[in-house]
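Heads up, the thing below is written out as structure tokens.
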Amino acid sequence: MFVLASGKGSDNLRLEILKGKGAAMTVVAMLLAGGQGSRLSILAQHRAKPAVPFGGNYRIIDFTLSNVMHAGIPYIGILTQYKPYSLMDHFGNGEWWGFAGRGRIGRILPPATGEEDSDWYAGTADAVWQNRNFLARFDPDLVLVLSGDHIYKMDYADMIAFHQARKADLTIAMQRVPWEETSRFGVAEVEEDGRVIRFQEKPKSNPVSNLASLGIYVFDTDALLHQLAEDAESETSKHDFGMNVIPAMLEHHKVYAYEFSGYWRDVGTIQSYWDANMESLDPQSGLDLLAWQVRTNYYESRPSNELPARIGEHAKVSDSYVARGCVVEGTVEHSILFPGVRVERDSVVRDSIVMNNAWIGPACHIEKAILDKNVHVGPQSKLGTFENMPNNDFPHLLSSGLTVIGKNAHLPPGLEVGKNVLIFPEVRSENFSSAIVASGTTIYQKRHKK
115 MFVLASGKGS
125 DNLRLEILKG
135 KGAAMTVVAM
145 LLAGGQGSRL
155 SILAQHRAKP
165 AVPFGGNYRI
175 IDFTLSNVMH
185 AGIPYIGILT
195 QYKPYSLMDH
205 FGNGEWWGFA
215 GRGRIGRILP
225 PATGEEDSDW
235 YAGTADAVWQ
245 NRNFLARFDP
255 DLVLVLSGDH
265 IYKMDYADMI
275 AFHQARKADL
285 TIAMQRVPWE
295 ETSRFGVAEV
305 EEDGRVIRFQ
315 EKPKSNPVSN
325 LASLGIYVFD
335 TDALLHQLAE
345 DAESETSKHD
355 FGMNVIPAML
365 EHHKVYAYEF
375 SGYWRDVGTI
385 QSYWDANMES
395 LDPQSGLDLL
405 AWQVRTNYYE
415 SRPSNELPAR
425 IGEHAKVSDS
435 YVARGCVVEG
445 TVEHSILFPG
455 VRVERDSVVR
465 DSIVMNNAWI
475 GPACHIEKAI
485 LDKNVHVGPQ
495 SKLGTFENMP
505 NNDFPHLLSS
515 GLTVIGKNAH
525 LPPGLEVGKN
535 VLIFPEVRSE
545 NFSSAIVASG
555 TTIYQKRHKK
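Going by our numbering, the sequence shown opens with residue 115, and the numbers climb by one from there.
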């Protein structure tokens with residue numbers, strides 16, 4: 115049975131599972147947030163993937179943090195590695211998600227480099243193993259291992275109840291995916307009662323099922339630490355949960371699949387990132403930002419971005435998010451504008467994501483594009499024109515017609531940019547040899563080497 119119990123002498127809420135007569139079970143969350151996000155290309159070039167902005171107001175990690183908060187779990191460790199600074203700044207002391215104050219602890223846990231038994235994290239399992247001392251502080255009965263790069267709403271209490279009812283050592287949240295997508299996931303073969311009997315990590319062929327792991331795990335702490343200790347000793351292991359730890363546990367531990375039917379998206383590619391953002395505009399998609407009560411860090415360094423958005427006399431806005439601090443003088447259709455974006459008169463923004471403090475000059479046309487923070491689009495420019503040709507340098511990243519402009523890039527006036535174009539951060543006018551950028555082109559900053 116689950117209860118939300120008030121901490122003695124305070125209003126602290128914590129998730130407790132009653133064992134017999136009043137004994138409480140402690141749960142600690144470990145959030146993996148060190149991913150490089152290479153498939154997000156320049157969107158994750160200067161930030162960890164979980165720190166990528168989303169939905170006009172949030173960062174990707176906010177969804178997992180909010181799920182932990184709503185579950186009442188007061189202890190969380192955030193395991194960082196790749197370019198963690200914006201993520202660390204965003205999380206702060208955790209107060210926005212209730213991890214500050216008496217009986218509540220949230221910590222950023224970078225690799226402890228320079229120690230004899232520590233180095234850069236060798237994999238997801240190694241990241242948790244290196245931070246076993248953080249777990250020991252709370253002596254938890256269960257450890258909730260989570261990923262910080264997914265968009266979803268889940269009540270972890272239901273999953274933990276499932277785990278306890280089956281006396282499992284490990285429970286994996288799973289969901290059916292199209293068969294053609296199984297190579298992107300760990301997939302499991304299960305018995306009628308949900309027990310996992312076979313697990314494949316990203317099978318290239320002949321998947322055992324289309325029941326895919328969502329990267330959400332509930333571990334019995336003793337079983338977890340025992341398995342991680344064995345994994346750490348293995349010279350052949352990749353020290354990864356999906357590749358090594360889960361398959362190794364099947365022989366001697368009880369591993370179960372918890373089927374989750376709610377909205378869940380891996381936004382690890384440019385296309386899936388754009389898709390999920392567009393789904394946030396659709397009340398029927400299952401992604402409901404208001405109903406989910408997602409928390410974020412609301413501090414805004416620009417005072418002007420705290421002002422309400424202003425929609426000009428000649429502006430037209432439909433089916434869009436327009437965040438605070440925006441000024442819209444043109445037309446915005448089915449798009450997401452983050453705080454401080456300015457769309458000047460006679461400009462059109464359609465099917466696009468425009469991040470903080472970007473400026474779109476007069477008489478521009480932006481179609482199916484992603485503009486990172488502080489991008490300047492010169493007057494009378496067009497983005498997303500011409501034929502649909504895959505990107506020449508990164509065809510595996512851009513082929514569906516999206517165009518992506520990196521952080522702080524400045525586009526000169528009158529520029530016409532095709533589809534599947536990638537413009538790197540900090541690019542300036544001198545990096546453009548022509549007023550036309552053909553579809554599939556990549557524009558590098560002058561000092562950037564391929």
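For each residue, glycine too, the CB sits at the ideal point set by N, CA and C.
Return yes when the Cβ of Ala162 is within less than 8 angstroms of the Cβ of Leu193, no when it is not. For Leu193 and Ala162, no; Cβs fall outside 8 angstroms.
Given Asp203 as reference, the closest of Tyr413, Glu481, Trp234, Ser351 once Cα atoms are compared: The shortest C-alpha separation from Asp203 is found at Tyr413.
Closest by CA to Asn324, which one among Val310, Tyr331, Glu295? When the alpha-carbon of Asn324 is set against those of Val310, Tyr331, Glu295, the nearest one is in Glu295.
Gln309, DSSP secondary structure in three states: Here residue 309 is Arg; the residue named in the question, Gln, does not match the sequence. Three-state result, Arg309: strand.
In three-state terms, what does DSSP make of Gln385? It is helical.
Using the three-state DSSP reduction, which class does Thr335 fall into: helix, strand or coil? In the structure shown, Thr335 sits in a helix (DSSP, three-state: H, G or I).
In chain order, what residues of the same chain lie with their CB nearer than 6 angstroms to the CB of Arg280, ignoring the 5 residues before and after it? Scanning its chain for C-beta atoms nearer than 6 angstroms, with the 5 sequence neighbours on each side dropped, one finds around Arg280 the residues Tyr370, in chain order.
Using the Cβ count rule (16 or more neighbours within 10 Å means buried), how would you classify Asn320? With fewer than 16 other Cβ atoms within 10 Å, it is exposed.
Out of Tyr172, Gly554, Gln341, Glu344, which has the shortest C-alpha to C-alpha gap to Gly262? The shortest Cα separation from Gly262 among Tyr172, Gly554, Gln341, Glu344 belongs to Tyr172.
Look up Gly212 in the DSSP assignment and say whether it is helix, strand or coil. The answer is coil: DSSP assigns Gly212 none of H, G, I, E or B.
Please classify Ile519 as buried or exposed, where buried requires at least 16 neighbouring CB atoms within 10 angstroms. The residue in question, Ile519, is buried, as its Cβ has 16 or more Cβ neighbours within 10 Å.
Hey, how far is the Cα of Val535 from the Cα of Arg459? So the two alpha carbons sit approximately 25 angstroms from each other.
Please list the terminal residues of the continuous beta strand (DSSP E) segment that includes Met144. Taken as a continuous stretch (DSSP letters only), the beta strand (DSSP E) holding Met144 covers 141-146.
Using DSSP bridges, identify the partner residues of Asp380. Looking at the DSSP assignment, Asp380 forms a beta bridge with His264.
Uninterrupted beta strand (DSSP E) stretches inside the segment 435-489 (no shorter than 3 residues): Unbroken beta strand (DSSP E) runs of no fewer than 3 residues, entirely contained in the segment 435-489, are found at 445-447, 462-464, 479-481, 483-485, following chain order.
Determine the direct distance from the alpha carbon of His277 to that of Glu305, and round the result to whole angstroms. If I take the Cα positions, the gap works out to 16 angstroms.
Note down the Cα distance separating Thr140 from Val462, rounded to an integer number of angstroms. Distance between the alpha carbons of Thr140 and Val462 is about 53 angstroms.
For Ala143, count neighbouring Cβ atoms within 10 angstroms of its own Cβ and tell me buried if that reaches 16, exposed if not. Per the 10 Å Cβ criterion, buried.
Among Glu540, Glu420, Leu525, Pro539, which one has its Cα closest to the Cα of Ser547? Among Glu540, Glu420, Leu525, Pro539, the Cα nearest to that of Ser547 belongs to Leu525.
Out of Pro225, Gly220, Val166, Trp234, state which residue places its alpha-carbon closest to the alpha-carbon of Leu201. With distances taken between CA atoms, Leu201 lies nearest to Val166 out of Pro225, Gly220, Val166, Trp234.
Does the contact criterion of 3 or more C-beta pairs under 8 angstroms hold for the segment 370-384 versus the segment 323-338? For the pair of segments examined, the segment 370-384 was found to touch the segment 323-338: the number of CB pairs separated by less than 8 angstroms reaches three.
Pro493 versus Arg312: straight-line alpha-carbon distance, rounded: Pro493 and Arg312: Cα-Cα distance of roughly 58 angstroms.
Buried or exposed: which applies to Asn471, given that a residue is buried once 16 or more other Cβ atoms fall within 10 Å of its Cβ? Counting C-beta atoms within 10 angstroms of its own C-beta, Asn471 has 16 or more neighbours from the protein chains shown and is therefore classed as buried.
Exposed or buried, what is Gln565 when buried is set at 16 or more other beta-carbons lying within 10 Å of its beta-carbon? It is not possible to answer for residue 565, since the shown part of the chain is limited to 115 through 564.
Cβ-based burial, Ala302 [other Cβ within 10 Å; buried from 16]: Counting of Cβ neighbours within 10 angstroms places Ala302 among the buried residues, the total reaching 16 or more.
Can you tell me whether Ser553 is helix, strand or coil according to DSSP? DSSP, read as helix, strand or coil, puts Ser553 in coil.
With distances taken Cα to Cα, identify the nearest neighbour of Arg416 among Gly454, Asp336, Val531. Relative to Arg416, the option among Gly454, Asp336, Val531 whose CA is nearest is Gly454.
Taking only the alpha-carbon atoms, compute the straight-line gap between Ala362 and Asp465 and give it to the nearest angstrom. CA-CA distance, Ala362 to Asp465, rounds to 45 angstroms.
Cβ-based neighbour list, Glu315, same chain, cut-off 7 angstroms, excluding 5 preceding and 5 following: Around Glu315: Gly300, Gly356, Met357.
So who's on the other strand from Leu536, going by DSSP bridges? Bridge partners of Leu536 according to DSSP: Val518, Thr556.
Can you tell me whether DSSP reads Tyr372 as helix, strand or coil? Three-state DSSP puts Tyr372 in a strand.
Rounded to a whole number of angstroms, what is the C-alpha to C-alpha distance between Val441 and Ala185? One Cα belongs to Val441, the other to Ala185, and the distance between them is close to 37 angstroms.
Is it right to say Leu404 is buried, meaning 16 or more other beta carbons lie within 10 angstroms of its own, or is it exposed? By the neighbour-count rule (16 or more Cβ atoms within 10 Å), Leu404 is not buried but exposed.
With distances taken Cα to Cα, identify the nearest neighbour of Val322 among Val310, Phe333, Val332. Considering only alpha carbons, the answer is Val310.
Where Gly208 and Arg221 are concerned, what is the direct C-alpha to C-alpha distance, given to the nearest angstrom? Taking the straight line from one Cα to the other gives about 8 angstroms.
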